[in-house]
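There are 2 protein chains.
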Amino acid sequence: MTQMDLHHLVGIDAGGTRTRALAAHENGVFSRCEAGAGNYQLLGLEGVVELFAGLLAQLQLDSDRTTVCAAVAGAGRPAEQERLSVALLARGLAARVCIVADARAALEGAHGGEAGIIAIAGTGSIVMGRGKASQVERAGGWGPLLGDEGSAYSFVMAGLRAAGQSHDGSGPATCLEVDLVNKLGLADWDSLIPALYGGHLQRDRLASACPVVFRAARAGDEVARQIIASGAQRLGAQVGAVARRLCLPTASVTLAGGLGEAEGDWLWAEMQPDGGADGDQPELRRVPARLPPLGGALLLACAHAGIEPPPVDRADCESG
Amino acid sequence: MTQMDLHHLVGIDAGGTRTRALAAHENGVFSRCEAGAGNYQLLGLEGVVELFAGLLAQLQLDSDRTTVCAAVAGAGRPAEQERLSVALLARGLAARVCIVADARAALEGAHGGEAGIIAIAGTGSIVMGRGKASQVERAGGWGPLLGDEGSAYSFVMAGLRAAGQSHDGSGPATCLEVDLVNKLGLADWDSLIPALYGGHLQRDRLASACPVVFRAARAGDEVARQIIASGAQRLGAQVGAVARRLCLPTASVTLAGGLGEAEGDWLWAEMQPDGGADGDQPELRRVPARLPPLGGALLLACAHAGIEPPPVDRADCESG
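Residue numbers (this note's numbering), protein chains in the order written: chain A, 6 to 325; chain B, 6 to 325.
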């Protein structure tokens, strides 16, 4: 790898509420700046380019010597990433650009650029891992209709399905029948159907009712317990699949995302493969994230530039 | 009940592809006529009124002596039924009108107006039953996000979820991974996600891939078998719940809907409560539908008018 002092390296974490940039300069000096929300689907191509132009101007870099890696919410598809990358280069903001999905930067940060796996459980969910030869594999994360198991939204929807079965007597009784409907601000079960199918209950609002499911389970509701166990087991199966594909017999796993952080202990306990599993079940070790996604984006910028990463720690990534 | 010869009684079955009317007159004479699609959501209030006006004109009835019961697709909510009923009366088309959901007429027809249960499995699903005192109970049918278990759409979506798990190695291998993607006319698994979330795969088109799941199960695919067993067991649980609520220790059950007719034997075999169930499990006897929904609508018109129903059989309901 070449010497870092020929370059500025910039990681950007563009999320739903704010966008942060972290630059590494010669001699291990870091600088940071911050702006508003950076979701690609909301801002569009031009909006994101303007946002990044403003951030990079604040950092006062020589763009000919700058490599940027940006993790952009809402830009998960390769075509979107390519389009954004081309636009940033055309604007002359950097000499090299790479755009990644936000999960990719979270993975890189969580394990400080080393091999490991991240299970992100927020409104949605995804499992992503990086092997010793830097290869990346994923499992789950197929969206609310096909996947996202172990996510807040999926727990609430499973809770509502169980509530319906409790309501019509085709499944066991559960306090979720009353508790979820209350939490969602509805009068009763019957008002749920038009609210749900009429589009009045957005995914975020449904996901925000997730604490009700965990509270019910803590209070001994067997249906709620089973829903949590089942979602966590699916996350565990996804982590196992990624570990096998990466040939990691022992894998470091970080639980991230709003739900992964709030209920990580519980999810982790249920994610463990049971004793009776077949022999090739990888051994999973839970570890906290070394760096936030912003740090991961900086590490990916270094990799993209072919430059040895500077020693960055959590404090370097945090504003203050 | 009053004498029928004071009245014309009309049943209407307004469905997604055609609308049929069956009128019962004095002395057991029946007349029929037919028109185009009658879905309330597509035609709107005025469109359905016009359609019915045309049908009733063909039947040349004295509207002051006519009672109509219409089962209208897309008019499942009481508010819609009430609005349509008021509009038909205001137009002077009949002396009495009742509007019911299509499942209600199917239930009435299936058991010839006697106590029994219908499990309708088509694109969606619902279980509805009628007790000895004419009370009606339902289970399931909460739509594609919360219910509709055992429906063609739900089997295909479960198949796609299993295909995703096969694809990323977090679940057992299944031929559905290739077969469903092929059947849906997609190039590969990766093209499924944008097609699904971009709205290019409508619910009907997804449901139409259901035979692939049954074919896979017949060919020995264990994942597909499990999906069918699980959906059918949910339908069975719903039938059991309705039988209990109706206090029917022995219940006659009709399987209806496209899937219920095509794969009724298989579904029924899996719906049976297992031997280990608790003692109050109702005994379910499978019976074919006595009358189609059109006949059921006519029986409901009789009940609405308080008139003893004429002896109607399947042939009376069929055009020819």
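Positions of the beta carbon are idealized from the N, C-alpha and C atoms, including for glycine.
**Request:** Check the DSSP bridge columns for A/Arg143 and list the partner residues they point to.
**Result:** A/Met133
**Request:** Return the bridge partner residues of A/Thr179 from the DSSP annotation.
**Result:** Answer is none; A/Thr179 lacks a bridge partner.
**Item:** Contact belief for A/Val73 with A/Val102 at Cβ below 8 Å, rounded distance in angstroms
**Value:** 5 Å
**Asked** Given a threshold of 16 other Cβ atoms within 10 Å of its Cβ, counted over all protein chains shown, does B/Cys252 qualify as buried or as exposed?
**Response** exposed
**Asked** Does the Cβ of B/Thr255 have 16 or more other Cβ atoms within 10 Å, making it buried, or fewer, making it exposed?
**Response** exposed
**Prompt:** How many Å lie between A/Thr259 and A/Glu113 at the Cα?
**Reply:** 11 Å
**Asked** When the Cα atoms are used, what is the spatial distance from B/Ala110 to B/Leu305?
**Response** 7 Å
**Prompt:** So which residues on chain B does A/Tyr202 lean against when the C-beta distance must stay under 8 Å?
**Reply:** Gly148 and Leu150
**Request:** Could you tell me whether the Cβ of B/Gly169 comes closer than 9 Å to any Cβ of chain A?
**Result:** yes
**Request:** Using a Cβ-Cβ cut-off of 9 Å, state whether B/Val258 counts as contacting chain A.
**Result:** no
**Request:** Take every Cβ of the region 209-220 of chain A, pair it with every Cβ of the region 79-93 of chain A, and state whether three or more of those distances are shorter than 8 Å.
**Result:** no
**Request:** Could you name the residues that DSSP lists as bridge partners for B/Ala229?
**Result:** Beta-bridge pairing links B/Ala229 to no other residue.
**Message:** Out of B/Leu289, B/Leu303 and B/Glu323, which one is the CA nearest neighbour of B/Ala124?
**Reply:** B/Leu289
**Asked** By the criterion of Cβ-Cβ separation under 8 Å, what are the contact partners of B/Asp184 in chain A?
**Response** Ordered by position in chain A, no residue passes the 8 Å Cβ test against B/Asp184, which lies about 16 Å from the chain.
**Asked** Where does the unbroken beta strand (DSSP E) through B/Asp195 begin, and where does it stop?
**Response** Segment Trp194 to Tyr202 is the alpha helix (DSSP H) holding B/Asp195; no beta strand (DSSP E) there.
**Cβ pair count under 8 Å reaching 3, the region 142-162 of chain B against the region 158-177 of chain A** = yes
**Per DSSP, cross-strand counterpart(s) of B/Arg290** = B/Ser257
**Prompt:** Around the C-beta of B/Gly257, are 16 or more other C-beta atoms found within 10 angstroms, so that it is buried, or is it exposed?
**Reply:** Looking at the sequence itself, residue 257 of chain B is Ser, so the reference to Gly does not match. By the neighbour-count rule (16 or more Cβ atoms within 10 Å), B/Ser257 is buried.
**Message:** Any beta carbon from chain A within less than 9 Å of B/Arg25's own beta carbon?
**Reply:** no
**Request:** Just the chain A side, please: which residues come within less than 9 Å of B/Arg109 by C-beta, in chain order?
**Result:** Residues of chain A passing the Cβ test: none, with the nearest at roughly 16 Å.
**Request:** Under 8 Å Cβ to Cβ from B/Tyr45, same chain only, skipping five residues before and after it: list those, please.
**Result:** Ala19, Val53, Val77, Ala78, Gly79, Ala80, Glu85 and Leu89
**Prompt:** If we ignore side chains and look at the alpha-carbon of each, how far apart do B/Pro298 and B/Ala28 end up?
**Reply:** 14 Å
**Prompt:** Alpha carbon to alpha carbon, what distance is there between B/Asp193 and B/Thr24?
**Reply:** 40 Å
**Message:** I want to see whether chain B comes within less than 9 Å of A/Gly21, judged by CB atoms only; does it?
**Reply:** no
**Message:** Buried or exposed, going by whether 16 or more other CB atoms sit within 10 Å of the CB of B/Ser139?
**Reply:** exposed
**Message:** I'd like the list of long-range same chain contacts for A/Asp318, defined as Cβ closer than 7 Å, with 5 residues on each side in sequence excluded.
**Reply:** none
**Message:** By the 9 Å beta-carbon criterion, what residues does the region 242-257 of chain B contribute toward chain A?
**Reply:** Ala242, Gln243, Val244, Gly245, Ala246, Val247, Arg249 and Arg250
**Request:** Determine which residues of the region 115-134 of chain A have a Cβ less than 9 Å from any Cβ of chain B, and write them out in chain order.
**Result:** Val132
**Asked** Hey, how far is the Cα of A/Gly204 from the Cα of B/Leu64?
**Response** 42 Å
**Prompt:** Run through DSSP, which three-state label would A/Cys307 get?
**Reply:** helix
**Cβ shell of B/Ala106 (< 6 Å), same chain only, five flanking positions each side left out** = Gly81
**Request:** Using the Cα positions of A/Ala229 and B/Ala214, report the straight-line distance between them to the nearest angstrom.
**Result:** 32 Å
**Asked** B/Asp153 by DSSP, collapsed to three states: which one?
**Response** coil
**Under the three-state DSSP convention, the category B/His172 falls into** = helix
**Prompt:** Nearest to B/Leu60 by alpha carbon, out of B/Ala261, B/His30 and B/Ala26?
**Reply:** B/Ala26
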